[in-house]
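Q: The following block contains the structure, expressed as structure tokens.
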Amino acid sequence: MSGPSRRTLLGAAPVAALAGAAAAQPAAPAVMVSTWDFGAAANAAGLAIRATGGSALDMVEAGGRVAEADESNSSVGLGGLPDRDGRVTLDACVMTWAGDIGAVCALEDVVHAVSVARRVMEQTPHTMLVGVGARTFAVDQGFETRNLLTPRAEAAWRDWLKTADYAPRTNSENTDWRGMPGGAADHDTIGLLAIDAANRMAGACTTSGMAFKMRGRVGDSPLIGAGLYVDDEVGGATATGVGEDVVRVAGAHAVVEAMRAGLDPTAACRRVIERLARLRGSKVAGSQVALLALDKQGRAGGFALQPGFTFAVTDANGQTRIERAGALFEPS
Numbered sequence: 001m002s003g004p005s006r007r008t009l010l011g012a013a014p015v016a017a018l019a020g021a022a023a024a025q026p027a028a029p030a031v032m033v034s035t036w037d038f039g040a041a042a043n044a045a046g047l048a049i050r051a052t053g054g055s056a057l058d059m060v061e062a063g064g065r066v067a068e069a070d071e072s073n074s075s076v077g078l079g080g081l082p083d084r085d086g087r088v089t090l091d092a093c094v095m096t097w098a099g100d101i102g103a104v105c106a107l108e109d110v111v112h113a114v115s116v117a118r119r120v121m122e123q124t125p126h127t128m129l130v131g132v133g134a135r136t137f138a139v140d141q142g143f144e145t146r147n148l149l150t151p152r153a154e155a156a157w158r159d160w161l162k163t164a165d166y167a168p169r170t171n172s173e174n175t176d177w178r179g180m181p182g183g184a185a186d187h188d189t190i191g192l193l194a195i196d197a198a199n200r201m202a203g204a205c206t207t208s209g210m211a212f213k214m215r216g217r218v219g220d221s222p223l224i225g226a227g228l229y230v231d232d233e234v235g236g237a238t239a240t241g242v243g244e245d246v247v248r249v250a251g252a253h254a255v256v257e258a259m260r261a262g263l264d265p266t267a268a269c270r271r272v273i274e275r276l277a278r279l280r281g282s283k284v285a286g287s288q289v290a291l292l293a294l295d296k297q298g299r300a301g302g303f304a305l306q307p308g309f310t311f312a313v314t315d316a317n318g319q320t321r322i323e324r325a326g327a328l329f330e331p332s
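Here it is, written out as structure tokens:
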């Protein structure tokens, strides 16, 4: 079946949020948000760090490490699905309230790419290291190495080799992870935004990228301004879904600038999604791109091309809720 026309894409009604979501803002402002249902565990780790006086950067790093260490999450860190050559490569970035940034791309054999990205920021004059150079730096910094290809991921790769046909499934994150909502089986990421007790903001993004991707492929996740952006005067944003499309509109940066112009987080995310749909038309009819934002007032919001995107929101009291974002159009 052919995808909807450009006019259909732009005219489709948004999908309703979960019951009560429109009025679901807690009494206490949000201090941490992250993409997908598995973000709840990440937020819990970040909040524990906040409670001990940790910074917003400490919070998002801790949350990212939870997802990276989870072998059942096939889109992040250990257990991530490999590229077409059977190699697991990781991408990650961090950004702080002061505009400090660090990133790694195509990192192999090191589980905690988010921590290596932080080390790039803190220990080098650079903002990004890639491939062999990123691995060498990580080893020099004392990070342990191990084979990231788990038996489960290898079996999925060998099964894929029978057809060698890559066809990402929209919102696989919400069908495959541990057999419950929040999963990721063909591509994706976890993006995290946090506000610490000193009212400073930071963000992180970490992923194993598209399953069975071309060797060397890098999406939006480690790219500051695309997969992640933080401005301590305004707020932060992160992205999930097909990275190539996020990059086309500098997704996270565009959301932050829309908030600077006065839009709330949900409206800002929607504006950028609508821009992507106008730009790409039917080419994004079967793709998922979702954006998540947190402003300095602790308001959280998200919006997506397709229905099904969820995100975890946690307040300073430790209360976490899972919200389902609105979407621009129904899948064909």
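Counted the way my numbering counts, the sequence shown spans residues 1 to 332.
Built from N, CA and C at the ideal position, the CB exists for glycine as well.
No experiment lies behind these values; they were computed from the predicted model shown.
Which class does G64 belong to by DSSP, given the choice of helix, strand or coil?
A: helix
Q: Please classify L279: does DSSP put it in a helix, a strand, or coil?
A: helix
Q: With H, G and I counted as helix, E and B as strand and the rest as coil, what does DSSP make of T320?
A: strand
Q: Run the CB neighbour count on V279, radius 10 Å, all protein chains shown included, and call it buried at 16 or more, exposed below.
A: For clarity, residue 279 is Leu in the given sequence; the question names Val instead. Burial is judged here by how many other beta carbons sit within 10 angstroms of a residue's own beta carbon; L279 has fewer than 16 and is exposed.
Q: Along the chain, where does the alpha helix (DSSP H) containing F143 start, and where does it finish?
A: Segment: none, F143 is in no alpha helix (DSSP H) and carries neither H nor E.
Q: Which runs of the beta strand (DSSP E) at least 3 residues long sit entirely within the segment 210-268? Give them in chain order.
A: With a minimum length of 3 residues, the continuous beta strand (DSSP E) runs that stay inside the segment 210-268 are 228-231, 235-241.
Q: Among all the DSSP beta bridges, which residues are the ones paired with A202?
A: A194
Q: In the DSSP assignment, the alpha helix (DSSP H) including S115 goes from what residue to what residue?
A: Counting along the chain, the alpha helix (DSSP H) containing S115 begins and ends at 113-123.
Q: Where do the ends of the beta strand (DSSP E) carrying A300 lie?
A: 300-304
Q: Quick check: the Cα distance between A92 and S75, rounded to an integer number of angstroms?
A: 12 angstroms
Q: Applying the 10 Å Cβ sphere with the 16-neighbour rule, what's the burial state of R135?
A: buried
Q: Secondary structure at T207, three-state DSSP: helix, strand or coil?
A: T207: strand per DSSP, three-state reduction.
Q: Straight-line CA distance for R152 to L193?
A: 30 angstroms
Q: Could you give the residue range of the alpha helix (DSSP H) that holds G46?
A: G46: member of the alpha helix (DSSP H) spanning 39-51, first to last residue.
Q: Under a three-way DSSP split, which group does D58 fall into?
A: helix
Q: So, for F309: in the same chain, excluding its five sequence neighbours on each side, which residues have a beta-carbon less than 6 angstroms away from its beta-carbon?
A: A290, A325
Q: Out of A261, V255, R260, which one is the CA nearest neighbour of E274?
A: Of the candidates A261, V255, R260, the residue whose Cα lies closest to the Cα of E274 is V255.
Q: Distance, Cα to Cα, W157 vs D83?
A: 8 angstroms
Q: What is the DSSP secondary structure of L81, counted as helix, strand or coil?
A: coil
Q: State the beta-bridge partners of S34 as determined by DSSP.
A: L192, A312.
Q: How do the segment 296-306 and the segment 253-272 stand: do at least 3 beta-carbon pairs fall below 8 angstroms, yes or no?
A: yes
Q: Suppose contacts are defined by Cβ-Cβ distances below 8 angstroms. Is T150 in contact with V110 by that definition?
A: no
Q: Smallest Cα separation from T189: which of T238, G142, F143, E154?
A: T238
Q: Using a threshold of 8 angstroms, state whether the C-beta atoms of G219 and E244 are closer than that.
A: yes
Q: Take D100 and list the residues in its own chain whose beta-carbon comes closer than 7 angstroms to its own, dropping the five residues that flank it on each side.
A: M121
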